[in-house]
Amino acid sequence: MTKKYIELILNNKIKHLGNRGTIIKVAAGYARNYLIPTQQASIITKGKLKQIEDLERKKVLQQKTEQKKFLLLKSMLEKIHKFTIKRKSNITGQIFGSVSEKDINQTIDSVIGQQFEKNCIVLPEIKSIGNYTINIALTENVKVDIILQILPDIKN
C-alpha cells in the first residue's frame, strides 16, 4: 500500500515543515487529521498561489530597499570611521566603569542619527584609554569596522 500525499500551503510557521507561505507535500492523513482542521495549512488554490507570489515579490522588493539602506549606512560609517567617547580615568589610563554597546549606539546616533540593535555591535573588552576596532554587523552580508577612540574626561 502506497502513501498518498497532498500539497498544502502553510498558514503558520511550523518548526519541522517550514515558514508561512511554504508549499509542502505531506501524507494525506496528516493533512486531513491535523494540519487542515487546526488551520496550520490549507489546500492550494489558484488564488492562494497568486497571493503567495505577490507576497514573495513584496518581500524581495523590501529586501532590496533594506540592502540599499544598509549599504548607505555602511558608507556613512566608513566616511566618518572614527568615533570618540570620553571616560573618567586614573593616571595610568585605566577607565572607571566600562564602555558598552549602548554607549557606542548613543555616540553613533548623535553623529549620524541612526541606532543599531545591541547584538549588531561586537566590541572588545575596553578597560583603558586608547583606540579600539569595533565591528558592526548591519546584516549578514554588510559589516563595517569603525575605530572607537576612548579619551580621558578632564574636568577642571
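Residue numbering for the sequence shown follows this note's numbering, starting at 4 and increasing by one per position. Just so it is clear, CB atoms sit at the ideal spot from N, CA and C, and this is done for glycine as well.
If you look at Arg90, you'll find it in the beta strand (DSSP E) that goes Lys85 to Arg90. Cα atoms of Ile129 and Lys121: separation of roughly 16 Å, rounded to the nearest angstrom. DSSP, read as helix, strand or coil, puts Gln43 in coil.
Segment contact: the stretch 58–65 against the stretch 76–93, fewer than three CB-CB distances shorter than 8 Å; contact not assigned.
DSSP places Lys158 outside any beta strand (DSSP E), giving it a letter other than H or E. Cβ-Cβ distances below 6 Å link Ile132 to Ser92, Gly96, Ile153 and Pro155 in the same chain, with the five nearest sequence neighbours on each side left out; the list follows chain order.
Annotated three-state conformation of Lys130 is coil, per DSSP. Distance from Glu104 to Ile124 at the Cβ level is roughly 4 Å; contact confirmed, criterion being Cβ atoms closer than 8 Å. By the C-beta density criterion, Val102 is buried, having at least 16 other C-beta atoms within 10 angstroms. In the displayed model, Gln70 falls within a helix according to three-state DSSP. In the displayed model, Val145 falls within coil according to three-state DSSP, outside both helix and strand.
The three-state secondary structure of Gln97, taken from DSSP, is strand.
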